[in-house]
Each structure stands twice: as C-alpha cells, then as structure tokens.
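Taken in sequence, the protein lines are chains A and B. If you read the first sequence in the numbering used here, its first letter stands for residue 9, the second for the next number, and so on. If you read the second sequence in the numbering used here, its first letter stands for residue 9, the second for the next number, and so on. Below is one structure, written out as structure tokens; the observations come after it.
There are 2 protein chains.
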Amino acid sequence: MHKIPRTHTCGELSVSDKDKKVCLKGWVKSWRDLGGLIFIDLRDRYGITQVVFSPEINTAIYERARGLRSEYVIMIEGVVYLRPASNVNKNLATGEIEIMVHELEVLNVAKTPPFEISDDIDINEELKLQYRYLDLRRNRLQSNIVFRSRLYKVVRDHLTALNFVEIETPILMKSTPEGARDFLVPSRNYKGKFYALPQSPQTYKQILMVAGFDRYFQIVKCFRDEDLRKDRQPEFTQIDIEMSFVEENDVMQVAEDLVKGIYSEMLKRELKDPFPVLTYDQALQEYGTDKPDLRFGLIIKNLTGIFCKTDFKSFAQVVETKGVVAAIGFEDSGKITRKMIDQYTGFVQSLGAVGLVWLRLRGTGLEGSLTKYLKPEEKAALQETFQDLKDGLIFILAGEYEPTLLRMGELRLRLGQDLNLIRKDQDSFLWVVDFPMLEFDEKEKRWIARHHPFTSPKREDLDRMEMAPHEVKARAYDLVINGTEIAGGSIRIYDSEIQSRVFRMLNISDQEAEGKFGFLLKALQYGAPPHGGIAFGFDRLVMILTGSASLRDVIAFPKTASALSLMDGAPDVVDTKQLEELGLILIDKK
Amino acid sequence: MHKIPRTHTCGELSVSDKDKKVCLKGWVKSWRDLGGLIFIDLRDRYGITQVVFSPEINTAIYERARGLRSEYVIMIEGVVYLRPASNVNKNLATGEIEIMVHELEVLNVAKTPPFEISDDIDINEELKLQYRYLDLRRNRLQSNIVFRSRLYKVVRDHLTALNFVEIETPILMKSTPEGARDFLVPSRNYKGKFYALPQSPQTYKQILMVAGFDRYFQIVKCFRDEDLRKDRQPEFTQIDIEMSFVEENDVMQVAEDLVKGIYSEMLKRELKDPFPVLTYDQALQEYGTDKPDLRFGLIIKNLTGIFCKTDFKSFAQVVETKGVVAAIGFEDSGKITRKMIDQYTGFVQSLGAVGLVWLRLRGTGLEGSLTKYLKPEEKAALQETFQDLKDGLIFILAGEYEPTLLRMGELRLRLGQDLNLIRKDQDSFLWVVDFPMLEFDEKEKRWIARHHPFTSPKREDLDRMEMAPHEVKARAYDLVINGTEIAGGSIRIYDSEIQSRVFRMLNISDQEAEGKFGFLLKALQYGAPPHGGIAFGFDRLVMILTGSASLRDVIAFPKTASALSLMDGAPDVVDTKQLEELGLILIDKK
Chain A
9 MHKIPRTHTC GELSVSDKDK KVCLKGWVKS WRDLGGLIFI DLRDRYGITQ VVFSPEINTA
69 IYERARGLRS EYVIMIEGVV YLRPASNVNK NLATGEIEIM VHELEVLNVA KTPPFEISDD
129 IDINEELKLQ YRYLDLRRNR LQSNIVFRSR LYKVVRDHLT ALNFVEIETP ILMKSTPEGA
189 RDFLVPSRNY KGKFYALPQS PQTYKQILMV AGFDRYFQIV KCFRDEDLRK DRQPEFTQID
249 IEMSFVEEND VMQVAEDLVK GIYSEMLKRE LKDPFPVLTY DQALQEYGTD KPDLRFGLII
309 KNLTGIFCKT DFKSFAQVVE TKGVVAAIGF EDSGKITRKM IDQYTGFVQS LGAVGLVWLR
369 LRGTGLEGSL TKYLKPEEKA ALQETFQDLK DGLIFILAGE YEPTLLRMGE LRLRLGQDLN
429 LIRKDQDSFL WVVDFPMLEF DEKEKRWIAR HHPFTSPKRE DLDRMEMAPH EVKARAYDLV
489 INGTEIAGGS IRIYDSEIQS RVFRMLNISD QEAEGKFGFL LKALQYGAPP HGGIAFGFDR
549 LVMILTGSAS LRDVIAFPKT ASALSLMDGA PDVVDTKQLE ELGLILIDKK
Chain B
9 MHKIPRTHTC GELSVSDKDK KVCLKGWVKS WRDLGGLIFI DLRDRYGITQ VVFSPEINTA
69 IYERARGLRS EYVIMIEGVV YLRPASNVNK NLATGEIEIM VHELEVLNVA KTPPFEISDD
129 IDINEELKLQ YRYLDLRRNR LQSNIVFRSR LYKVVRDHLT ALNFVEIETP ILMKSTPEGA
189 RDFLVPSRNY KGKFYALPQS PQTYKQILMV AGFDRYFQIV KCFRDEDLRK DRQPEFTQID
249 IEMSFVEEND VMQVAEDLVK GIYSEMLKRE LKDPFPVLTY DQALQEYGTD KPDLRFGLII
309 KNLTGIFCKT DFKSFAQVVE TKGVVAAIGF EDSGKITRKM IDQYTGFVQS LGAVGLVWLR
369 LRGTGLEGSL TKYLKPEEKA ALQETFQDLK DGLIFILAGE YEPTLLRMGE LRLRLGQDLN
429 LIRKDQDSFL WVVDFPMLEF DEKEKRWIAR HHPFTSPKRE DLDRMEMAPH EVKARAYDLV
489 INGTEIAGGS IRIYDSEIQS RVFRMLNISD QEAEGKFGFL LKALQYGAPP HGGIAFGFDR
549 LVMILTGSAS LRDVIAFPKT ASALSLMDGA PDVVDTKQLE ELGLILIDKK
C-alpha cells in the first residue's frame with residue numbers, strides 16, 4: 009500500500025495548493041475529536057500539517073482514524089482545503105490550510121512513548137539518552153542537528169574556496185600518549201601491539217605539509233580516554249586546519265575570516281574585525297584567566313606597586329616573595345551584605361585562597377578593617393585607582409602570582425553573573441597569544457608542553473630553551489568566544505634539531521622521542537616547509553551558535569559522563585574467542 | 009627572514025605578470041647549471057616555475073644557489089621575465105615566463121630522498137609507504153588527493169541540495185559481529201567491556217530514520233578487521249545514505265543521479281540513464297557473477313535444455329541433478345591453440361571444475377571430441393545457438409548450478425582480457441537486483457544474510473521465510489561499474505516482528521538478538537517509518553574515477569595488507585600501565 013509516493017512533506021503546503029490532491033506521510037503528533045471531526049497534526053522533519061477526517065467523506069476511514077495514537081506512522085491522501093479564517097494558525101507555516109482525508113494507511117504503529125515529543129517538557133536525562141530516537145524527534149534537537157549539517161557545509165565551502173584540500177587522516181594510528189590518555193585498539197595480526205585512536209591528527213597534518221599539500225583541512229573525529237568533566241565527550245569533532253609558509257597572523261586571519269563567514273551565513277550577523285588580541289600575560293593580569301569573557305568589565309587591578317612598602321604584614325610578605333596583590337572594584341551601592349561577602353570569602357577559600365580582603369569606597373573615603381593598616385599615601389593611591397567608583401566595593405586577594413590571579417579570575421566570573429553584568433545579547437571574540445611554552449605538571453612533577461610538543465618556541469626565546477625553559481614563550485594562539493576557548497593553534501617546529509631540543513626540554517629522552525615521534529623527526533629532515541595551523545572544537549561551536557546548554561543537544565548520539573551509550577549499551581562484553589584472537593585476557597574482576 | 013609573504017604560488021605566473029616583483033616559496037625540483045646561469049624548477053602543489061640565478065644580478069646569491077639540492081625548501085624574490093621564444097615550455101602552465109632571482113633564502117634543507125620525486129619511476133612499494141611524505145609529493149598522488157577532496161564536495165553539494173542532512177554517527181559503538189570481524193576498543197571505566205569500531209553505521213542510520221530525519225547521509229570511516237585481500241584497507245570510507253518512505257526505485261534513482269552528477273562534475277562526462285537493471289538470476293545466468301562487466305559480450309548460454317536427453321554421460325548426470333551446462337562461444341579464427349585451451353582447462357580446474365569441454369564451429373560444422381557423442385538434433389540446436397559465429401570456439405562447463413556459472417564468469421573475464429574485448433574507453437553501469445536473501449556459509453555451516461540481517465525480504469516471499477528460506481529474495485540492489493560493486497543497499501525491515509523472524513531465520517536466538525540488536529528492535533516499536541538506503545565505497549569510486557591501479561594511490565596514509573602503517577610503525581607496543589588501566593594482560597607470546 010505505501011507504494012503510493014508522498015507528493016509533499018508536512019511543511020510544504022500553502023493556500024496556493026488549494027484543491028490539490030496530495031499524499032503525505034508522517035507521524036501523528038496529536039489527535040483531537042471535535043464534534044464529529046477528527047483533527048490530526050501530522051509531523052515530519054519539515055513541519056506539521058493538520059489533516060481532517062470526516063465521516064461524511066468516508067465512514068470506514070473516519071472509524072480507522074479513531075484508532076490512531078501518538079507517534080503512529082501514517083500515510084494519508086486527501087485534498088487541500090483552506091481553513092476557515094477563525095481556524096488559521098499563524099504560528100505554523102502550513103497554518104492556513106488543512107487536508108480533508110479520503111485515504112488512510114497505518115504504515116507502522118507505535119508504543120506509547122515514555123515521554124511526550126515536545127520541546128517544553130523536562131525529561132529525565134537517562135530516559136532521553138535511552139530513547140534517543142524519540143528525543144531526537146523533538147523540534148529543538150532536530151533543528152540543532154540540521155543546523156550542524158548546514159555548518160559542515162558552510163565551513164567546507166569557505167575553506168575550499170581558499171584552496172584548502174580536505175584530506176582524511178587515519179583513525180587507526182600510533183599510540184603517542186603525550187597529553188591525554190589514548191583509546192587503544194588491539195592488533196590481531198601483531199598480537200601484543202596496539203593502534204590508538206587519534207587525540208588529534210596533529211602529526212599527520214604536519215606530515216601533509218611536508219608532503220607539500222600547502223593548505224589542509226578536515227572535519228574530523230578525535231578521541232580522548234579521559235575521566236569526563238561536565239560537557240566533554242570521549243569522541244568529539246574538530247575542524248582541523250594546517251598551512252605552509254605562514255606566520256601566526258596568516259593562520260589567525262584565516263580562522264577569523266572563517267568565524268566571520270560562519271556568523272554571517274548561519275546567523276546573518278556581521279562581526280567586526282579585527283578581533284582584539286591579548287597576550288597571555290595581559291589576560292592573566294587583567295582577567296585572571298587565559299580565556300577571558302569580555303562581555304563584562306571587572307578588570308583586575310594589580311595593587312602590588314601600591315603596597316610595596318606596606319605595614320600590613322600579609323601583603324608585605326606577598327610583595328617580598330614576588331607575589332601579587334590583586335583587586336576588583338565595582339559599583340555596589342550597598343547591595344552586597346556582610347553575609348554575601350562571607351560567601352565570596354568561602355568561595356575563594358575553596359579555591360585555595362587564605363582569605364578575601366574587602367574595602368568600601370564611598371564619598372567619605374575608605375571603610376573596612378584593612379583601613380587601619382593603611383598609610384595615607386596607600387589610601388590615596390587606592391582612591392585614585394578606583395576613582396570611577398561612587399559607592400564601590402573592592403575585593404582584594406594576595407598571594408603567589410599565578411594562582412592568585414586565577415582565583416581572582418574565578419571570582420570575577422562569579423561576580424559578573426551575580427551582578428548581572430554579562431551582556432548575553434552580544435558575543436565577545438578575542439585572541440590570546442604569547443602563551444608560556446611550558447606548564448608544570450603537579451602530578452607528574454615535570455614540565456609539560458602547554459599546547460603540544462610540536463609548538464614552536466618564539467624565535468627570540470630559542471637561546472634560553474635549555475637555561476630558562478619556563479620563560480620561553482610559544483608561538484601559540486587561542487581563539488576565545490564568551491570565555492570559552494573555541495580554537496587553538498600554533499606555528500609548528502619545522503627544524504628537526506629544534507624539535508629534538510624541545511623533546512629534551514620536556515624530559516622526553518632521545519630514545520623515547522625516536523620511538524614515539526621518530527617518523528616526524530625524520531620527515532622534518534626531508535624538506536619540511538615552515539607551517540602552522542589551528543583546530544576548532546566543532547561541537548562546542550555548534551553549541552554556542554545554537555545557544556544550546558549542553559553538548560548533548562548538538563550531537564546525534566552522545567555518551568554519558570562515564571562514556572556509556574545508554575541507547576545501545578556500549579561498551580559491552582565480547583566473546584572470549586574475540587579476545588583470544590587478539591592475544592588478550594581479562595584481569596579477573598573482583 | 010621568511011616573514012616575507014609569498015606573492016604567488018608556483019603555478020600562477022604568466023606573461024601578464026611581466027616585470028612584476030614576486031616572492032615564491034617551494035621545493036627545488038631540479039637544478040641545472042647552464043653556462044654561467046643556474047636554472048631551478050621550483051615546485052609546489054600548484055605547479056612549477058623556472059627561476060634563474062645570474063652572477064650578474066647578485067654574485068653572492070648566485071654562489072649560494074650553487075649549494076641548493078633537490079627538495080630543499082626555498083624562498084626567492086625576483087622579477088618576472090618572459091622566456092626567449094626558443095625556451096618556452098608549452099607543457100607547463102608557467103612555461104612562458106621565468107623569474108630572475110635577486111633574493112634567496114633556504115627555509116629548510118633536505119637529505120637526499122631515497123627515490124626521485126617523479127611520476128615516471130618504479131619505486132619499491134615498502135619504501136614508498138615508509139617515506140609516504142615524499143611519495144605524496146609526486147604529481148599523480150597529489151592530484152589524486154586533490155581530486156578526492158573535490159569529490160567530497162561534489163557529493164556533499166549534490167546530496168545537500170536534495171535535502172539530505174549530514175549527521176555524524178559514533179565511532180565508539182557496540183560490538184555486533186555479524187559479518188566481518190570488529191576492531192575492539194577496551195573500556196577503562198568498565199573493565200572487561202569493549203566498544204567496537206563501526207563496520208558501517210547501519211543501525212545508527214536506521215535509528216536516525218526512526219528519529220524522523222527523513223534523509224541522512226554521511227561520508228564516514230568504517231572498519232573491518234579482516235585478513236586483507238588485495239586492495240582492501242582496514243579502515244575505509246563510504247558515502248552512507250538512508251531515506252524514509254521509499255521503495256527500491258527511489259533509492260536507486262538518488263544513487264544513479266549522484267553518479268551522474270559525479271561524472272558530470274568531475275570528468276565532464278554526461279552518462280546516459282537509466283542504467284540497465286539485471287536481476288541476480290539473470291546476472292548469474294548470463295555473466296556468471298553478481299557484478300557483471302558489461303564492457304564486453306561473451307554472454308553465457310545455458311545449454312541445459314539442449315542436452316536434456318543427451319547420451320553424453322557427464323552432461324546427462326548434470327541434467328539429472330538439476331545442474332547446468334553452460335557455454336561461451338566466440339569468434340576465434342583459429343587463434344586459440346590446443347596449448348592455450350589446455351591452459352584455460354587448467355584455469356577452470358583451479359576453480360574447481362572437472363574439466364573444460366570445447367567445440368569448434370566452422371562453416372563445415374562442429375569439430376571437437378564432444379561431437380561424436382552428439383545427436384543430430386543437439387548439433388543443430390548448438391549451431392542455431394551460435395549461428396552468429398563464423399569461425400568460432402565454444403567452451404562448455406557442466407556441473408552444479410551456481411558454482412559452474414561462477415566458474416564460467418571467471419573464464420569469461422579472463423577471455424575478455426585475453427581476447428582484448430574490454431572496451432576500456434567506456435564505463436559500464438548496471439544495477440543488480442533481487443538478490444537471494446541468504447547464502448550458505450560453508451565455514452560456519454549455516455545460512456547468513458547475503459546483504460545484512462536488516463535487509464527486508466520481498467513482500468511476496470514473506471510467507472515462506474520459515475519454510476523455504478533459501479528461496480526468499482531480498483529487497484537489495486547493487487550498483488556495478490565495470491565489474492566492480494561500487495554501491496550496495498536495500499530496503500530495510502521496519503517491522504520489529506519481521507526483524508525478529510529474520511533473526512531466527514539466521515539462527516540468531518531471541519536472546520542473542522536481544523543482546524546485540526535489542527535497541528534496534530525496540531526502536532522499531534516506537535513509530536519506525538518504511539526506509540531504505542545505500543552505501544558507496546568512496547575509496548574505490550575515487551580509484552575508478554582517477555583510473556588508479558590501487559587503493560593506495562587514492563588514500564593519503566594507507567596501510568599494508570597486514571594492516572601496518574610503515575611510516576609511523578603502527579601498531580606498536582604500549583606501556584604495561586596502559587594495559588593495567590584497561591584491565592588487560594597479554595597472552596604470552598611464544
């Protein structure tokens with residue numbers, strides 16, 4: 009019976025189709041029996057069309073329509089009628105018409121769904137993932153996934169027009185666990201050996217530059233076997249870009265133009281360029297983070313200079329040990345009570361601060377317990393620093409340089425939210441550059457690459473790589489949107505000698521470097537061009553562009569925080585025979 | 009120094025750029041010292057430009073140019089000169105100009121490559137894979153990879169215009185080893201459990217139809233842990249398509265239009281449609297294969313009817329046991345000697361045939377040792393069957409129906425090649441439909457799904473699924489180009505009851521079905537639309553379109569037949585710590 013082809017989708021018919029005989033297929037969204045007529049909203053991906061069953065047209069079919077239930081899949085044939093003016097639904101593209109049905113076929117029945125297919129309801133997260141196919145029928149998810157599909161195309165069209173070549177790199181690659189943990193794939197042909205799933209196609213895209221492809225991109229799945237923080241997925245998608253014969257600005261320009269193109273095409277918004285650029289040092293100093301949200305102020309002031317000769321002991325000690333006294337001042341007008349200040353104190357203490365010092369700045373001068381320790385010139389300097397405040401509150405943290413500023417950055421974010429300062433109607437775009445090359449890994453007690461070990465040091469820092477590695481800056485750049493890092497990249501090392509030196513700087517022995525990255529070191533010796541690139545977090549980009557609250561709302565089949573797929577039950581046990589073929593046995597579970 | 013941006017690529021300059029000051033960057037392809045001038049062919053992805061160093065322009069730079077070697081990466085600045093008419097190279101896009109250099113920088117040196125970067129040389133396969141970055145610099149591979157990149161776009165543009173939504177399905181999925189062997193990924197969070205890499209996104213794309221996406225596609229990596237036959241790769245790419253509310257013809261039309269679009273866009277060739285359609289039975293009967301190459305004739309004739317009352321014992325026995333007597337006749341004119349016939353006999357025997365019977369058909373009548381067993385009416389019938397032959401040779405195989413025809417198919421292919429009958433300048437397109445649903449797996453001694461277990465049986469065969477499973481035909485279709493299956497698909501089962509019956513037919517117990525495919529059976533109960541789809545082998549398509557001899561020539565980083573990556577040495581050993589985290593130990597290697 010369903011050999012009759014549909015003539016239209018459920019989002020297509022309008023007054024101009026009046027009197028047409030049509031065939032629609034879709035899902036029963038809702039069912040109403042109104043005084044002898046049955047009205048059904050028929051739904052598909054494209055929209056909703058109202059179809060009407062009347063006993064006067066065909067009694068048998070009218071009776072069968074009474075048996076329809078939510079989410080049944082049906083085929084109807086009928087004639088397009090104009091709705092009476094009083095029944096026109098202006099919220100619906102097809103709201104001016106309805107179909108008077110003369111033929112009905114149930115293509116498939118449906119059990120009663122465990123939740124209603126509607127955007128306006130709150131559904132248990134586990135249930136949603138378990139019945140993902142029903143969750144995906146909801147309008148918001150459907151439109152997110154369709155949006156995502158359009159975004160792939162916009163990105164590809166944009167980059168293709170710029171002569172970028174899309175090249176697939178392997179998913180079964182060599183395990184090089186530098187950074188996060190690899191997912192492993194046991195080899196059957198070489199028992200005891202493993203492939204790894206790529207955390208990024210980093211080495212391959214560099215090899216492609218050595219191969220002369222000049223401009224590469226790929227929208228590619230990457231994998232990290234990490235304990236999942238909120239809103240991370242074990243597999244994620246990135247827009248991966250690499251270019252030859254470039255400096256930082258060339259890559260940043262391509263990335264910035266791509267973002268502008270995306271906002272223009274997808275949201276019809278023209279962004280102003282160039283995006284502002286902050287150095288890492290500035291970002292840390294003024295915003296207490298490497299990914300500042302510029303949609304509000306609350307810039308951090310460095311008061312260390314003011315307190316260089318202070319009598320207040322805890323500040324004096326901080327000054328002496330080259331720490332920082334950092335402050336945020338804001339117009340308060342007495343809204344923040346002592347109790348609230350205590351809560352903020354608790355907040356910064358939970359981040360490791362000793363305590364929170366506060367001052368009120370009013371027309372009459374400074375108030376607060378700190379004031380009694382302050383010299384007149386310190387008071388004057390404070391008042392000048394915060395001269396814009398009429399009835400202000402100043403929060404001060406003092407301590408070790410970077411940790412203190414990072415805590416201040418957290419406090420700034422919280423204040424921005426609490427004081428409702430974030431202009432959510434705008435987006436803030438920002439480049440952060442000149443990152444330190446290294447960061448100290450407290451767990452492993454060694455310096456690790458902040459970006460990755462293939463990132464080039466700044467030319468002017470090359471000479472002190474061995475003597476003062478922590479002072480070396482990297483040729484790296486991050487693109488930040490509204491306080492979220494949306495892309496990160498760098499100019500790469502293209503000299504195998506420098507690459508070897510960097511491996512040593514990272515405490516990777518020559519032997520280990522050879523074993524893990526020997527192929528790259530070798531490739532760099534056969535005519536590697538200067539090159540660099542960037543990678544965008546695609547899922548997060550879709551999330552920001554669609555205003556979604558979670559990655560799960562922009563990925564068709566997401567996993568839970570423990571990397572479970574609730575719909576199909578992956579991961580699952582496998583046959584012992586399969587493991588034997590791989591040369592593996594399980595360590596007995598207790 | 010290399011901060012100077014390049015002004016042009018090496019494939020860009022022409023006479024209209026005369027006298028321009030330009031900066032090029034690229035690889036030294038070749039080096040000639042001709043009477044006081046040094047000529048270098050500078051190469052990048054876009055082309056080759058001749059650059060000239062003269063001691064009269066700058067002696068120091070001329071001297072430095074003498075130190076350049078093949079594959080060095082250099083930057084040059086210079087002025088565009090027109091070449092003297094006698095030096096114009098018409099084979100080169102930039103062949104009318106050259107650059108007189110006044111500035112040179114060596115961006116990177118290169119060791120002497122282990123092979124010349126040239127299309128015209130024969131290189132050891134292992135060496136090529138080991139130095140893939142050098143192999144990829146060759147013109148043919150570069151253009152194949154760029155072609156592949158363009159093909160992605162053509163496919164996506166085509167399908168997007170038809171309202172298909174591109175949706176990413178998971179790479180970490182549930183292991184459902186039905187068909188080939190899965191690659192497994194051990195789970196760290198759930199020790200003893202495993203993800204599998206998808207052999208195809210089959211179940212997910214069906215779920216997407218249940219979710220109402222109506223038209224889905226994806227260009228997606230798939231994985232099979234098989235002992236690799238020639239020209240298979242453990243990871244491969246497919247164009248995956250699924251549609252709701254469709255019959256066979258709808259999917260075939262979309263696929264056919266896609267192929268036509270591809271040939272038109274990529275090769276500027278307009279294909280005639282509709283493509284011919286053969287049933288599986290016809291294809292087997294006439295070509296001895298389910299993927300006939302229609303670029304030549306040699307159609308197999310079924311002689312069983314002629315020999316239904318034969319005195320020739322071995323034929324009589326075949327007729328009695330419902331086997332087949334099959335023949336190919338061709339114009340030979342005595343070219344095929346007895347010795348050659350012996351070789352063909354050896355060939356079919358290596359495929360399992362008892363022997364090869366042959367007859368010569370000349371103006372004077374039939375010749376050959378068989379003739380003495382033939383009745384006059386059999387001779388007459390044979391002569392009528394092959395009446396088009398003037399001086400012909402007839403090869404006859406007799407035996408069990410399908411194996412005999414398959415052997416005849418192999419013989420037909422070999423004869424097509426030997427007799428130079430294949431019209432290599434054309435492409436033959438063909439649909440094969442009405443496949444048997446099942447095939448008998450000799451190894452596992454059970455019926456397995458020929459396509460996959462989600463393929464719908466033909467409506468008219470539903471009733472005999474349990475009684476005569478081997479007679480059931482599937483709603484499956486393959487697209488064949490030049491004897492290669494390039495796409496395969498089917499209308500799927502959308503009724504969970506029928507799906508359960510098919511699982512039982514395949515000897516998959518209800519419990520096993522529930523464990524492996526329960527999520528799909530469940531999804532089918534919540535309003536699954538009728539749906540079907542198709543998948544194209546993308547790598548193979550690129551291979552055919554570029555006329556490449558091997559999949560390795562169209563994949564950036566291919567693996568060897570034993571799934572090794574010779575460039576980076578994957579798979580490799582991993583730390584015991586990594587295995588411990590996964591709850592695994594290796595079975596000791598002997």
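By construction, the Cβ of each residue, glycine as well, lies at the ideal position given by its N, Cα and C atoms.
Only counting the same chain, and skipping five residues up and downstream in sequence, which positions put a Cβ closer than 7 Å to that of Ser556 of chain A?
For this step, residue 556 of chain A is matched to residue 548 along the first sequence. Cβ within range, chain order: Asn152 and Val562.
Say whether the stretch 350 to 369 of chain B touches the stretch 391 to 406 of chain B, bearing in mind that this needs 3 or more beta-carbon pairs closer than 8 Å, one atom from each stretch.
yes
Can you grab the Cα-Cα spacing for the pair Leu532 of chain B / Ala118 of chain A, in whole Å?
Your numbering for residue 532 of chain B matches position 524 in the second sequence. Your numbering for residue 118 of chain A matches position 110 in the first sequence. Straight-line Cα distance between these residues: approximately 8 Å.
So Leu559 of chain B and Asp239 of chain B are in contact, right, with Cβ under 8 Å, and what is the actual spacing, rounded?
Position 551 of the second sequence holds residue 559 of chain B. Position 231 of the second sequence holds residue 239 of chain B. Correct: roughly 5 Å between the Cβ atoms.
So which residues on chain A does Trp35 of chain B lean against when the C-beta distance must stay under 9 Å?
Locating residue 35 of chain B in the second sequence gives position 27, counting from the first residue. Those are Gly220, Gly535 and Pro537, listed as they occur along chain A.
Anticipated Cβ contact below 8 Å, Gln226 of chain B with Glu176 of chain B, distance rounded
Looking up residue 226 of chain B in the second sequence gives position 218. Looking up residue 176 of chain B in the second sequence gives position 168. That pair is a contact at about 7 Å.
Thinking just about the alpha-carbon of each residue, which of A:Val109, A:Gly354 and A:Arg91 is nearest to the one in Gly103 of chain A?
Numbered from 1 along the first sequence, position 95 holds the residue referred to as residue 103 of chain A. Checking every option, the nearest Cα to that of Gly103 of chain A belongs to A:Arg91.
Residues in the same chain with beta-carbon distance under 7 Å from Gly44 of chain B, minus the five sequence neighbours each way, listed in chain order, please.
Numbered from 1 along the second sequence, position 36 holds the residue referred to as residue 44 of chain B. Same-chain partners within the cutoff: Pro63.
Are at least three pairs of beta-carbons, each pair with one atom in the stretch 210 to 225 of chain B and one in the stretch 143 to 161 of chain A, less than 8 Å apart?
yes
With a Cβ-Cβ cutoff of 7 Å, do Val59 of chain B and Ile125 of chain B count as a contact?
In the second sequence, residue 59 of chain B corresponds to position 51, counting from 1. In the second sequence, residue 125 of chain B corresponds to position 117, counting from 1. Not a contact, by the Cβ cut-off of 7 Å.
Round the Cβ separation of Gln293 of chain A and Asn310 of chain A to the nearest angstrom and send it over; I've been treating them as touching at under 8 Å.
Locating residue 293 of chain A in the first sequence gives position 285, where the first residue counts as 1. Locating residue 310 of chain A in the first sequence gives position 302, where the first residue counts as 1. Right, the Cβ-Cβ distance comes to about 6 Å (below 8 Å), so this counts as a contact.
Output yes or no for whether 7 Å exceeds the beta carbon distance between Ser498 of chain B and Arg509 of chain B.
Here residue 498 of chain B refers to the residue found at position 490 when the second sequence is read from its first residue. Here residue 509 of chain B refers to the residue found at position 501 when the second sequence is read from its first residue. The answer is no: Cβ separation not under 7 Å.
Work out the CA separation of Asn116 of chain B and Met9 of chain B for me, nearest whole Å.
Residue mapping note: residue 9 of chain B aligns to position 1 of the second sequence, counting from 1. Residue mapping note: residue 116 of chain B aligns to position 108 of the second sequence, counting from 1. At Met9 of chain B, the pLDDT of 44 sits below 50, so the modelled position is not reliable; the number obtained from the coordinates is stated separately. Whole-angstrom Cα-Cα distance: 12 Å.
Give the straight-line distance between the Cα atoms of Val87 of chain A and Gly540 of chain B, rounded to the nearest whole angstrom.
As a working note, residue 87 of chain A is residue 79 in the first sequence. As a working note, residue 540 of chain B is residue 532 in the second sequence. Distance between the alpha carbons of Val87 of chain A and Gly540 of chain B: 28 Å.
Counting only beta-carbon separations shorter than 7 Å, does Gly200 of chain B have a partner in chain D?
This model lacks chain D altogether; the protein chains it does include are A and B.
Starting from Ala204 of chain B and walking both ways along the beta strand (DSSP E), at which residues does that stretch end?
Counting from 1 along the second sequence, the entry for residue 204 of chain B is found at position 196. Element bounds for Ala204 of chain B: Phe202 to Ala204.
Which of the three DSSP states, helix, strand or coil, is assigned to Asp433 of chain B?
Within the second sequence, numbered from 1, the residue matching residue 433 of chain B stands at position 425. Correct three-state label for Asp433 of chain B: coil.
Please report whether the beta-carbon of Glu120 of chain A lies at a distance below 7 Å from any beta-carbon of chain B.
Residue numbering aside, residue 120 of chain A sits at position 112 when the first sequence is read from its first letter. The residue you asked about is not Glu; residue 120 of chain A is Thr in the sequence shown. With 7 Å as the cut-off, Thr120 of chain A does not count as an interface residue toward chain B.
Could you tell me how far apart the beta carbons of Asp298 of chain A and Asp469 of chain A are, in whole angstroms, since I believe they sit closer than 8 Å?
Position 290 of the first sequence, counting from 1, holds the residue named residue 298 of chain A. Position 461 of the first sequence, counting from 1, holds the residue named residue 469 of chain A. Not confirmed; about 18 Å, so no contact.
Which complete beta strand (DSSP E) runs does the stretch 245 to 312 of chain B hold, if anything under 3 residues is left out?
285 to 287
Residue burial classification, Ser517 of chain B (beta-carbon count within 10 angstroms, cutoff 16):
For this step, residue 517 of chain B is matched to residue 509 along the second sequence. Exposed, by the Cβ-count rule.
How close, in whole Å, do the beta carbons of Val228 of chain A and Asp248 of chain A come, if the pair is a contact with beta carbons under 8 Å?
Counting from 1 along the first sequence, the entry for residue 228 of chain A is found at position 220. Counting from 1 along the first sequence, the entry for residue 248 of chain A is found at position 240. Yes, Val228 of chain A and Asp248 of chain A are in contact; Cβ-Cβ is about 5 Å, under 8 Å.
Using beta carbons (cut-off 7 Å, strictly below), is Val162 of chain A in contact with chain B?
By 1-based counting over the first sequence, the position of residue 162 of chain A is 154. By this cut-off, Val162 of chain A is not an interface position.
Mind pulling the chain B residues with CB within less than 8 Å of Ile153 of chain A?
For the purposes of this step, residue 153 of chain A is identified with residue 145 of the first sequence, where counting begins at 1. The answer, in chain order, is Val173, Ile175 and Phe221.
Which of the three DSSP states is assigned to Val163 of chain B in this structure?
Here residue 163 of chain B refers to the residue found at position 155 when the second sequence is read from its first residue. Correct three-state label for Val163 of chain B: helix.
At a Cβ threshold of 7 Å, is Gly591 of chain A touching chain B?
Working through the first sequence from its first residue, we reach residue 591 of chain A at position 583. Chain B contact via Cβ: present.
Cβ atoms of Tyr203 of chain A and Tyr180 of chain A: under 7 Å apart, would you say?
Within the first sequence, residue 180 of chain A is the residue found at index 172, counting from 1. Within the first sequence, residue 203 of chain A is the residue found at index 195, counting from 1. According to the sequence shown, residue 180 of chain A is Leu rather than Tyr. Yes, the pair counts as a contact, with Cβ atoms nearer than the cut-off.
Taking all protein chains shown into account, decide if Asp127 of chain A is buried (16 or more other Cβ within 10 angstroms of its Cβ) or exposed.
Position 119 of the first sequence, counting from 1, holds the residue named residue 127 of chain A. Under this definition Asp127 of chain A is an exposed residue.
Please confirm whether Tyr141 of chain A has its beta-carbon closer than 7 Å to some beta-carbon of chain B.
Numbered from 1 along the first sequence, position 133 holds the residue referred to as residue 141 of chain A. Yes, Tyr141 of chain A counts as interfacial toward chain B.
Would a C-beta distance cut-off of 7 Å place Arg420 of chain B and Ile336 of chain B closer than the cut-off?
Translated into the one-based positions of the second sequence, residue 420 of chain B becomes position 412. Translated into the one-based positions of the second sequence, residue 336 of chain B becomes position 328. Yes. Within cutoff.
Can you find a C-beta in chain B that's less than 7 Å from the C-beta of Asn116 of chain A?
What you label residue 116 of chain A is simply residue 108 of the first sequence in a count that begins at 1. Closer than 7 Å: yes.
Measuring only between beta-carbons, confirm whether Glu474 of chain A sits less than 7 Å from chain B.
Counting from 1 along the first sequence, the entry for residue 474 of chain A is found at position 466. With 7 Å as the cut-off, Glu474 of chain A does not count as an interface residue toward chain B.
Between A:Pro300, A:Lys182, A:Met513 and A:His459, which has its C-alpha nearest Met475 of chain A's C-alpha?
As a working mapping, residue 475 of chain A is identified with position 467 in the first sequence. The option with the nearest alpha carbon to Met475 of chain A is A:Met513.
Hey, would you say Ile308 of chain B sits closer than 7 Å to Ala291 of chain B, going by beta carbons?
Looking up residue 308 of chain B in the second sequence gives position 300. Looking up residue 291 of chain B in the second sequence gives position 283. Taking 7 Å as the Cβ cut-off, Ile308 of chain B and Ala291 of chain B do not qualify as a contacting pair.
Identify the contact partners of Gly577 of chain B in chain A, using a Cβ-Cβ distance below 9 Å as the criterion.
Within the second sequence, numbered from 1, the residue matching residue 577 of chain B stands at position 569. In chain order: Lys182, Gly523, Gly526 and Phe527.
Using a Cβ-Cβ cutoff of 9 Å, what residues of the stretch 57 to 86 of chain A are near chain B? List them in chain order.
Ser78, Glu79, Tyr80, Val81 and Met83
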